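Scroll down for the structure; my scribbles are underneath it.
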Amino acid sequence: MDKAKRKAIIAGNWKMNKTPKEATALLNEIKPLVADADCEVIACVPYVDLAAAIEATAGSNVKIGAENCHWAASGAFTGEISTGMLKEIGVEYVVLGHSERRQYFGETDETVNKRTKAALAAGLKPIVCVGELLWERECNITEEVIARQIKLDLWDVTEDELQNVVIAYEPVWAIGTGKTATAEQAEEVCAFIRAQLAKLYNQEAADAVTIQYGGSMNDANADELLSKVNVDGGLIGGASLVAEKFAAIVKAASK
Ligand code: 13P
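Per this note's numbering, the very first residue in the sequence shown carries number 2; after that it's consecutive.
Structural data, given as structure tokens:
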């Protein structure tokens, strides 16, 4: 399958930024700028912003995602949010396994896998993040790290379910550092991820999966990154908080 047949997806990951009022204001700025987009446009926002974000984007082409979810339907998990809670208010996507959750909040491939399966079972579309640390790249084990994450994070995910999974390749050394992976580095790993998916499932299933790049992607480098055959979109941190920059990336993906 060629790239043109895959769904290009540009998603903002707002991380811990914007109050509900600020979220509404930013989305109202973004909406008209991306109204003609020829790609999927998503804003993944903090939990308390979700209701306001869904209201602000009603009737528009901007979809809303959460930044995490728990695997249990309910129970004694203080501070966690279930897939049912997200579904009921109209959330469509959920970022899982982000490196910040892995680094600061003890997320493991096992918990990413549990969350991914729960999200899929609830009808949410997970954006599963994988990526190597700088040390791991320097030790030349990027492929081993990525292969392990893909295998474990998607353990027991069926081929049918895979069609609702988005993979985000986010080299940890490129996140929030201003150090973007070169387009060649991004392509190399995104192609490797697709090859792993082909091994675990089959080529046709792998060819249909949207694989995003994330890590200091911005309005200046999006064109080049998105021109690569296996880079189908972007997961955008800092630049997603500035309407014009985010819209420029959406435009680059719409070409
Ligand atoms: P930055 O675009 O700020 O580097 O963040 C990338 C990211 O972590 C998106 O999930």
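In this text, a Cβ means the ideal position worked out from N, Cα and C, and glycines have one as well. Values in this document were obtained by computation on a predicted structure and should not be read as measured data.
Option nearest residue i by Cα separation, candidates the options
| i | options | result |
| --- | --- | --- |
| Asn-18 | Lys-6, Arg-116, Leu-134, Gly-239 | Gly-239 |
| Val-210 | Ala-74, Phe-193, Ser-75 | Phe-193 |
| Val-95 | Val-167, Glu-133, Gly-132 | Val-167 |
| Lys-6 | Thr-25, Lys-16, Cys-40 | Cys-40 |
| Glu-331 | Ala-24, Lys-229, Val-129, Thr-25 | It is not possible to answer for residue 331, since the shown part of the chain is limited to 2 through 256. |
| Asp-3 | Gln-104, Val-232, Ala-248 | Val-232 |
| Tyr-105 | Val-173, Gly-66, Ala-182 | Val-173 |
| Glu-225 | Ser-100, Ala-24, Ala-182 | Ala-182 |
| Val-146 | Asp-110, Val-158, Lys-180 | Asp-110 |
| Ile-212 | Ala-199, Val-158, Lys-16, Ala-169 | Ala-169 |
| Asn-58 | Glu-89, Ala-26, Lys-88 | For clarity, residue 58 is Thr in the given sequence; the question names Asn instead. Minimum Cα distance to Thr-58 is reached at Ala-26. |
Own chain, CB closer than 8 Å to residue i, minus 5 neighbours either side, in chain order
| i | result |
| --- | --- |
| Glu-160 | Tyr-202, Asn-203, Ala-206 |
| Val-63 | Leu-28, Ile-31, Lys-32, Val-35, Val-42, Ile-43, Ala-44 |
| Glu-188 | Lys-229, Val-230, Asn-231, Val-232 |
| Lys-88 | Ala-123, Gly-124, Leu-125 |
| Lys-246 | Asn-219, Asp-220, Ala-240 |
Through-space distance from residue j to residue i, alpha-carbon basis
| i | j | result |
| --- | --- | --- |
| Asn-222 | Glu-185 | 12 Å |
| Glu-144 | Gln-150 | 10 Å |
| Leu-153 | Ala-175 | 23 Å |
| Lys-8 | Cys-70 | 24 Å |
| Trp-136 | Val-243 | 31 Å |
| Pro-21 | Glu-93 | 18 Å |
| Glu-68 | Arg-195 | 24 Å |
| Val-230 | Cys-191 | 9 Å |
| Ile-11 | Asn-165 | 15 Å |
| Val-131 | Ala-74 | 25 Å |
| Val-158 | Ser-61 | 31 Å |
| Ser-100 | Glu-133 | 9 Å |
| Glu-38 | Val-251 | It is Ala, not Glu, that sits at residue 38 in the sequence shown. Taking the straight line from one Cα to the other gives about 7 Å. |
| Glu-171 | Glu-56 | 30 Å |
| Gly-234 | Gly-177 | 18 Å |
Other residues of its chain near residue i: CB distance less than 6 Å, five sequence neighbours each side excluded
| i | result |
| --- | --- |
| Trp-156 | Asn-114 |
| Leu-227 | Ala-253, Ala-254 |
| Trp-72 | Lys-115, Arg-116, Ala-119 |
| Ala-249 | Asp-220 |
| Gly-179 | Ser-217 |
| Gln-197 | Ala-148, Ile-151 |
Interface flag, residue i vs chain C, CB-CB below 7 Å
| i | result |
| --- | --- |
| Ala-24 | Protein chain content of the structure displayed is limited to a single chain, and chain C is not contained in it. |
Same chain, Cβ closer than 7 Å to residue i, neighbours up to 5 away in sequence not counted
| i | result |
| --- | --- |
| Glu-108 | Gly-98, Arg-102 |
| Ala-54 | Ala-24, Leu-28, Ala-44, Val-46, Ile-65 |
| Lys-256 | none |
> Along the chain, which unbroken stretches of the alpha helix (DSSP H) at least 4 residues long are found entirely within the segment 3-78?
Replying inline: 21-35, 51-58
>> Which complete beta strand (DSSP E) runs does the segment 90-122 hold, if anything under 3 residues is left out?
In response: 94-97
>> Using 8 Å as the cut-off, can you tell me whether the segment 114-125 makes contact with the segment 133-143, which would need three or more C-beta pairs spanning the two stretches below that distance?
In response: no
> Using 8 Å as the threshold, is the segment 81-94 in touch with the segment 122-130, meaning 3 or more CB pairs across them?
Replying inline: yes
> Counting pairs of Cβ atoms below 8 Å between the segment 71-81 and the segment 48-62, do you hit three or more?
Replying inline: no
>> Any contact between the segment 231-245 and the segment 206-217? By contact I mean 3 or more CB pairs, one from each, below 8 Å.
In response: yes
>> Threshold first: 3 residues or longer. Then list the beta strand (DSSP E) segments lying entirely within the segment 171-246, N to C.
In response: 212-215, 234-237
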